[in-house]
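Below is one structure; the comments refer to it alone.
Numbering (the UniProt record's numbering), first residue to last: 1 to 234.
As structure tokens, this is what we get:
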């Protein structure tokens, strides 16, 4: 959807490029550089903590911490654990068991947080790239209309063609919340793009149909439309 930012700009000719971007992307505020750096730093810190704790464990016990096992696995190996415990001092075994359990849980938690952070950072990187493409498209649009005398009228006519194309492709595809393209073609694309971005499994049917409709959608070219408009007035 961000590649179609000229559509939003045509609908709102008084908005600045950043305001247009904010209107089309609900995630814009999360894409600021400080936030991306924060996630990168957090991911590195969690990984460093994980490695430090693991290395300390290996240094103390001479082997990596035991892998976390399911309840079924722990139950099936109960006899082996009891035999191993019998050959060790009771206090040492107790301390080992407590530390092992805490370490395993702590590492599992940090590992989960770490990978979620990495996934989030990758996701933000992808969204940032989409926003950059959208901004580039918007700059091209603004450059095309900079010499147009009546930008509002031009945008209104251009948007009329866009609305027609959108309605023709999405008229039978309501959003999961019931919002339809006839209620607002430009707003519909913005809302639908957010649903597709989230990718919830319950919306799988809609997302599939939405992407297919987007593949069929042929929006008017600004430069060609401007040329046609100028020829009409000659």
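Think of the CB as a built atom: it goes at the ideal place given N, C-alpha and C, for glycine as much as any other residue. Quick caveat, the model's predicted, so the values are computed rather than measured.
About 5 Å separates the CB atoms of residue 210 and residue 192; that is less than 8 Å, so the two are in contact. Nearest Cα to residue 176 within the set 194, 121, 218, 163: 194. According to the DSSP assignment, residue 166 belongs to the alpha helix (DSSP H) that extends over 151-170. Annotated as proximal: residue 213 and residue 173, with beta-carbon spacing under 8 Å. At least 8 Å separates the beta-carbon of residue 225 from that of residue 170.
Boundaries cannot be given for residue 62, as no alpha helix (DSSP H) includes it and DSSP labels it neither H nor E. Distance between residue 47 and residue 134, taken at the CA atoms: about 34 Å.
When DSSP states are grouped into helix, strand and coil, residue 141 belongs to the helix group. Of all alpha-carbon atoms in 218, 50, 148, the one lying nearest the alpha-carbon of residue 162 is that of 218. Sixteen is the threshold: since fewer than 16 other Cβ atoms of the shown chains lie within 10 Å of the Cβ of residue 61, the residue is exposed.
Bounds of the alpha helix (DSSP H) holding residue 208 are 204-216. For residue 179, the three-state secondary structure derived from DSSP is coil. The beta carbon of residue 188 sits closer than 6 Å to the beta carbons of 181 from its chain, once the five residues preceding and following it are set aside; these are given in chain order.
The alpha-carbon of residue 50 is positioned some 15 Å away from that of residue 63. Selection 55, 15, 229, 196 evaluated against residue 153 yields 229 as nearest (Cα-Cα).
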